[in-house]
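As they're listed, the protein sequences go chains A and B.
Letter 73 of the first sequence, counting from 1, is numbered 73 in the numbering used here, and no numbers are missing.
To convert, count from 1 in the second sequence and add 125; that's the numbering used here.
Using N, Cα and C, we set each Cβ at its ideal position, and we do this for glycine too.
Number of protein chains: 2
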Amino acid sequence: MLAQDRLTSTFQALADPTRRAILSRLSQGEASVTELAAPFSMSMPAISKHLKVLERAKLISRGKEAQWRPCKLEAAPLEAASNWVEQYRAMWEARFDRLDAYLKEVQAKEGNTTKPRKANGRKKY
Amino acid sequence: MLAQDRLTSTFQALADPTRRAILSRLSQGEASVTELAAPFSMSMPAISKHLKVLERAKLISRGKEAQWRPCKLEAAPLEAASNWVEQYRAMWEARFDRLDAYLKEVQAKEGNTTKPRKANGRKKY
DNA sequence: GCTTTACTTAACCAAATGGTTATATACATT
DNA sequence: AATGTATATAACCATTTGGTTAAGTAAAGC
């Protein structure tokens, strides 16, 4: 899986509790690598790698200030991810609405009998 | 990384284009495994594995109908994921609002001079 | 009962992931 | 110039991931 589109790298970056915690921290403002590493019982290189994943996914950007590399949150990919999720959530909800409408419709015309369908060939959903 | 919380398994499941395409298809209604596999140039076992990942993440559920295992979308985890993302996106936007307010405030009191801070010790963000 | 259809499981493999320790780099302080 | 501080890179390792093919299971149709 090398053809990494934006959504893939975004979700992949979000699929780790450490990285989500880092983003959570950064949502309150910029922080240095050491500051970000503090809450975790994990080596600095490990944090460095997580930051690289977040950076590659463009969820964070980094500056230079003397020997510090302050990180800050970039929300654009979060927006794209949120939009994707919401899109399908909405479709899913729309299905319920349609089912609801259909059930009402069926209920309206009383006593309709459905012929038993042929045993083979799966019903279409 | 074995302690898989809900968000982790949700995002991890979403971090694959094939699985997202499957969810996309399922947002339009139930489908059998063979139906879901059709658009992909991939073996059935590969699809089967993807479905297992989606099922473990509770993004889909599966029924039994003769030899078919119809899959359907379950939106609850999508909701949780969306909420998480939106939460931090919102915080991030709130920061801009606060910065904006701060800049207006600073702009209000003219000609304020800032003393140069001590060279060492990184500024707090 | 045999075959076909739908799907799963097992065994395998290469590559990616998430961690480690040890070493290097860059800037600041003394 | 030497030392300390902040961070990155390299080399390594175990586990997970995403795919494969081959074999197994279960129900339906002939």
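Check, Outcome
"Give the C-beta separation of Phe136/B and Ala57/A to the nearest angstrom, bearing in mind that I take them to be a contact with Cβ-Cβ under 8 Å.", "Actually they do not touch by this definition, with Cβ atoms about 12 Å apart."
"Does the structure place the segment 142-158 of chain B close enough to the segment 36-44 of chain A that three or more beta carbon pairs sit under 8 Å?", "no"
"Using a Cβ-Cβ cutoff of 8 Å, what residues of the segment 146-164 of chain B are near chain A? List them in chain order.", "Leu148, Ser149, Ser152, Gln153, Gly154, Glu155, Ala156, Ser157"
"What residues in its chain sit with their C-beta under 7 Å from that of Pro77/A, if we drop five residues either side in the sequence?", "Arg6, Thr10, Ala57, Lys58, Leu59"
"By Cβ distance below 8 Å, which residues in the same chain neighbour Leu73/A in space, the five residues on each side in sequence not counted?", "Leu23, Leu26, Ser27, Leu59, Ile60"
"So for Ser32/A, helix, strand or coil by DSSP?", "coil"
"Which chain B residues sit within Cβ distance under 7 Å of Ser82/A?", "Ser207, Val210, Glu211, Arg214"
"Express the C-alpha separation of Ser43/A and Ile172/B in angstroms, rounding to a whole number.", "37 Å"
"Residues in its own chain within less than 6 Å of Gly63/A by CB, not counting five upstream and five downstream?", "Pro70"
"Would you say the beta carbon of Gly29/A is closer than 6 Å to some non-hydrogen atom of the ligand ADP?", "This structure simply doesn't include the ligand ADP, nor any ligand for that matter."
"Which residues does DSSP list as the beta-bridge partners of Ile22/A?", "Ile22/A is not bridged to any residue."
"Please classify Val210/B as buried or exposed, where buried requires at least 16 other C-beta atoms within 10 Å of its C-beta.", "buried"
"Give me the chain A residues within the contact set of Arg220/B, using Cβ-Cβ distance strictly less than 9 Å, ordered along the chain.", "Ser27, Gln28, Gly29, Leu73"
"Compute the distance between the beta-carbons of Leu54/A and Ala81/A, then report whether it is under 7 Å.", "no"
"Short of 8 Å in beta carbon distance, which residues of its chain neighbour Ser32/A, apart from the five on each side in sequence? Order them along the chain.", "Trp68, Arg69, Pro70, Cys71"
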